[in-house]
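Accompanying notes for the structure given below.
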DNA sequence: ATTTTAGTTGACCGTTCGGTAAAGTCAACC
DNA sequence: GGTTGACTTTACCGAACGGTCAACTAAAAT
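Listed below in structure tokens is the structure:
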């Protein structure tokens, strides 16, 4: 990676961590630069604005989430319903770790930005919408597998159920963040099996 | 209402609308004062800080939500499951109206503040947590009614199901806000019947 | 009639905000 | 060796931020 790319990457990483642990508005360009050990002028060499940076942070977030959580959790080595269970376990462990590290359950980085920025910045809203779409496809895929495996009704609407599951997951993370209690993730997320219509809940 | 109380009320109303339609951080004390036609000095006569104002806004929000949505929707003139249907209809109509008025689905005012402020202001987080608790009790009550009416399993854990329903509602509103589409409320919220374990879904 | 109190006004504080601009550094390429 | 272009540095901009303060008005309480 060239020197310039390293600098840009530090800015992206600092911004991602700071914004996730606090919020978009509470973290300024100045602080991001200080954390990344980059001068402000350099910031604007790489990004045209704070919101342009945020869009790139969101893209990076998507890639990380897919590679480090979604792909491993939904790998096809288990039955579809067991994959969901594994996903729930990952999500739970992650929030536990965040609470240990920051003192707070941070919830979903996409959901956080979505609620804060959707009415204020159309570009960011669209980007989060696109990220949700990526997760949506993963869910549709595993739901189709569940149908094929006879775990759920074969006439179920995978697309609608995927939206329902996504919404439920976001809601659970929102409540867990509000109560600052990662145990809620473990307690509430398994109810997703009822939303899917799982025939033999574990 | 005394003159002072009227001034304070205007500040609360302006703050509530501005913060709901945008965000806590994006709305400054200055703008709230301008909208309420109150001088800045007066603001700090009534509120010790922006966050103290916000806590009072949240309290007002709770009272309005209970009186104008929860009590009418969950009035005992209908069967428990029909009350849920009525609640969904209210929630849907409200988001439609917001989109017409502001151009944006604004989602849940409590959820919005929760995700933005939970890691930054403990007083506000606690207040939102308390508001969720109020809604939670309403849900527990109707779920108990549903048990008594034989609409759901009498051995169900009303308390846990109430949390689950609350989380799902918040999640649906989050997704609807992100996609800026009120129709998602109508489409997704009815799936809550599966979370409740409703025996004869409408 | 006088004092107290609630409420109002508008100037002011230091700090930070997102963003700009110009000068300077350095390595790659011709 | 000179030029180019990527990258960095530093100073700076006007505006807004949350919050403070002292002077003022008006009405109620004594």
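Residue numbers (my numbering), protein chains in the order written: chain F, 1372 to 1573; chain S, 1372 to 1573.
Don't be surprised by glycine CBs; every beta carbon is placed ideally from N, CA and C.
It should be emphasised that the depicted structure is a prediction, and the values quoted were computed from it without experimental measurement.
For residue 1503 (chain F), go through chain S and note every residue whose CB falls closer than 8 Å to its CB, in chain order.
Residue 1503 (chain F) sits at position 132 when you count from the first residue of the first chain. Per Cβ cutoff of 8 Å: 1546, 1549 and 1550.
Within 10 angstroms of its Cβ, does residue 1399 (chain F) collect 16 or more other Cβ (buried), or is it exposed?
Looking up residue 1399 (chain F) in the first chain gives position 28. Under this definition residue 1399 (chain F) is an exposed residue.
Ordered list of alpha helix (DSSP H) runs contained in the segment 1458 to 1504 of chain S, each at least 4 residues:
If we require 4 residues or more, the alpha helix (DSSP H) runs fully inside the segment 1458 to 1504 of chain S come out as 1480 to 1488.
Terminal residues of the continuous alpha helix (DSSP H) containing residue 1408 (chain S)?
By 1-based counting over the second chain, the position of residue 1408 (chain S) is 37. Premise fails: residue 1408 (chain S) is in no alpha helix (DSSP H) and is neither H nor E.
Unbroken alpha helix (DSSP H) run spanning residue 1390 (chain F), endpoints
Looking up residue 1390 (chain F) in the first chain gives position 19. For residue 1390 (chain F), the enclosing alpha helix (DSSP H) starts and ends at 1374 to 1392.
With a threshold of 8 Å, are at least 3 pairs of Cβ atoms found where one atom belongs to the segment 1450 to 1458 of chain F and the other to the segment 1524 to 1534 of chain F?
No: the two stretches stay apart, fewer than three of their Cβ pairs being nearer than 8 Å.
At the level of alpha carbons, what is the spacing between residue 1321 (chain S) and residue 1438 (chain S)?
Summary: the structure shown does not reach residue 1321 (chain S), with chain S confined to residues 1372 through 1573, and so no result is reported for it.
Determine the extent of the alpha helix (DSSP H) in which residue 1540 (chain F) is found, giving its start and end residues.
In the first chain, counting from the first residue as 1, residue 1540 (chain F) sits at position 169. Start and end: 1529 to 1550.
Using a cut-off of 7 Å between C-beta atoms, extract the partners of residue 1562 (chain S) located in chain F.
Position 191 of the second chain, counting from 1, holds the residue named residue 1562 (chain S). Within chain F, the residues near residue 1562 (chain S) are 1535 and 1566.
Looking only at its own chain, which residues have a Cβ that is under 7 Å from the Cβ of residue 1426 (chain F), when we skip the five neighbours before and after it?
In the first chain, residue 1426 (chain F) corresponds to position 55, counting from 1. Residues 1494, 1495 and 1498 of the same chain have their beta carbon placed closer than 7 Å to that of residue 1426 (chain F), with the five preceding and five following residues left out of the count.
First and last residue of the uninterrupted alpha helix (DSSP H) at residue 1396 (chain F)
Your numbering for residue 1396 (chain F) matches position 25 in the first chain. Premise fails: residue 1396 (chain F) is in no alpha helix (DSSP H) and is neither H nor E.
Check whether residue 1463 (chain S) and residue 1550 (chain S) have beta carbons under 7 Å apart
Numbered from its first residue, the second chain carries residue 1463 (chain S) at position 92. Numbered from its first residue, the second chain carries residue 1550 (chain S) at position 179. Their beta carbons are not under 7 Å apart, which means residue 1463 (chain S) does not touch residue 1550 (chain S) by this criterion.
Using the C-alpha atoms, what's the distance from residue 1421 (chain F) back to residue 1390 (chain F)?
In the first chain, the residue the question calls residue 1390 (chain F) occupies position 19. In the first chain, the residue the question calls residue 1421 (chain F) occupies position 50. In a straight line, the C-alpha of residue 1390 (chain F) is about 11 Å away from that of residue 1421 (chain F).
By the 7 Å beta-carbon criterion, what residues does the segment 1457 to 1486 of chain S contribute toward chain F?
So the list reads 1475, 1477, 1478, 1482, 1483, 1485 and 1486, given in the order they occur along the chain.
Cutoff 7 Å; reference residue 1507 (chain S); Cβ partners in own chain excluding five residues on either side
As a working note, residue 1507 (chain S) is residue 136 in the second chain. The beta carbon of residue 1507 (chain S) lies closer than 7 Å to those of 1533, 1534 and 1537 in the same chain, with the five residues before and after it left out.
Leaving out the 5 sequence neighbours to the left and right, which residues in its chain are closer than 8 Å to residue 1586 (chain F) when beta-carbon positions are compared?
In the structure displayed, chain F extends from 1372 to 1573; residue 1586 (chain F) sits before or after that span and is not available.
For a contact meaning CB atoms closer than 7 Å, what does residue 1490 (chain S) contact in chain F?
Locating residue 1490 (chain S) in the second chain gives position 119, counting from the first residue. Chain F residues near residue 1490 (chain S): 1392, 1393, 1475 and 1477.
Taking 7 Å as the threshold (C-beta atoms), are residue 1396 (chain F) and residue 1548 (chain S) in contact?
For this step, residue 1548 (chain S) is matched to residue 177 along the second chain. For this step, residue 1396 (chain F) is matched to residue 25 along the first chain. With respect to residue 1396 (chain F), residue 1548 (chain S) sits apart: the two C-beta atoms are not nearer than 7 Å.
Go through its chain and collect everything with a Cβ distance to residue 1546 (chain F)'s Cβ below 8 Å, but skip five positions before and after it.
Locating residue 1546 (chain F) in the first chain gives position 175, where the first residue counts as 1. The answer, listed in chain order, is 1555 and 1559.
Whole angstroms is fine: what's the gap from residue 1415 (chain F)'s alpha carbon to residue 1440 (chain S)'s?
Working through the first chain from its first residue, we reach residue 1415 (chain F) at position 44. Working through the second chain from its first residue, we reach residue 1440 (chain S) at position 69. Taking the straight line joining both Cα atoms gives about 47 Å.
Interface flag, residue 1554 (chain S) vs chain F, CB-CB below 7 Å
Counting from one through the second chain, the residue named residue 1554 (chain S) turns up at place 183. No, its Cβ sits nowhere closer than 7 Å to a Cβ of chain F.
7 Å Cβ cutoff met for residue 1514 (chain S) and residue 1565 (chain F):
Taking the first residue of the second chain as 1, we reach residue 1514 (chain S) at position 143. Taking the first residue of the first chain as 1, we reach residue 1565 (chain F) at position 194. Contact flag unset, no.
Any C-beta of chain F sitting closer than 7 Å to the C-beta of residue 1397 (chain S)?
Looking up residue 1397 (chain S) in the second chain gives position 26. Yes, because at least one Cβ of chain F sits closer than 7 Å to the Cβ of residue 1397 (chain S).
Is the CB-CB distance between residue 1474 (chain F) and residue 1541 (chain S) below 7 Å?
Here residue 1474 (chain F) corresponds to residue number 103 of the first chain, with the count starting at 1. Here residue 1541 (chain S) corresponds to residue number 170 of the second chain, with the count starting at 1. It is not a contact, given that the beta carbons lie outside the stated cut-off.
Where does residue 1448 (chain F) sit, in a helix, a strand or coil, going by DSSP?
For this step, residue 1448 (chain F) is matched to residue 77 along the first chain. If DSSP states are grouped into helix, strand and coil, residue 1448 (chain F) belongs with coil.
Confirm, please, whether the CB-CB distance from residue 1505 (chain F) to residue 1433 (chain F) is below 7 Å.
Position 62 of the first chain, counting from 1, holds the residue named residue 1433 (chain F). Position 134 of the first chain, counting from 1, holds the residue named residue 1505 (chain F). The Cβ-Cβ distance between residue 1433 (chain F) and residue 1505 (chain F) falls below 7 Å.
Spatial distance of residue 1443 (chain F) from residue 1461 (chain F) (CA atoms):
Taking the first residue of the first chain as position 1, residue 1443 (chain F) is located at position 72. Taking the first residue of the first chain as position 1, residue 1461 (chain F) is located at position 90. If you draw a straight line from the Cα of residue 1443 (chain F) to the Cα of residue 1461 (chain F), it is about 9 Å long.
By the DSSP assignment, the alpha helix (DSSP H) with residue 1419 (chain F) in it spans what residues?
Here the question's residue 1419 (chain F) lines up with position 48 in the first chain. In the DSSP annotation of this structure, residue 1419 (chain F) is not part of any alpha helix (DSSP H), being labelled neither H nor E.
DSSP three-state assignment for residue 1520 (chain S), whether helix, strand or coil
Residue numbering aside, residue 1520 (chain S) sits at position 149 when the second chain is read from its first letter. Here residue 1520 (chain S) sits in coil by DSSP.
Where residue 1541 (chain F) meets chain S, residues with beta-carbon distance less than 7 Å:
Residue numbering aside, residue 1541 (chain F) sits at position 170 when the first chain is read from its first letter. Under the 7 Å cutoff, chain S gives 1542, 1545 and 1546.
Assigned exposure category for residue 1407 (chain F) - 16 Cβ within 10 Å defines buried:
Translated into positions along the first chain, residue 1407 (chain F) becomes position 36. Under the 10 Å beta carbon count, residue 1407 (chain F) is surrounded by 16 or more other beta carbons and is classified as buried.
Please work out which residues of its chain come closer than 7 Å, Cβ to Cβ, to residue 1392 (chain F), disregarding the five sequence neighbours upstream and downstream, and give them in chain order.
Here residue 1392 (chain F) is taken as the residue at index 21 of the first chain, counted from 1. Closer than 7 Å at the Cβ level, and outside the excluded window around residue 1392 (chain F), lie 1473 and 1477.
Could you check the C-alpha separation between residue 1502 (chain S) and residue 1372 (chain S) for me, to the nearest Å?
One-based indexing of the second chain puts residue 1502 (chain S) at position 131. One-based indexing of the second chain puts residue 1372 (chain S) at position 1. Whole-angstrom Cα-Cα distance: 26 Å.
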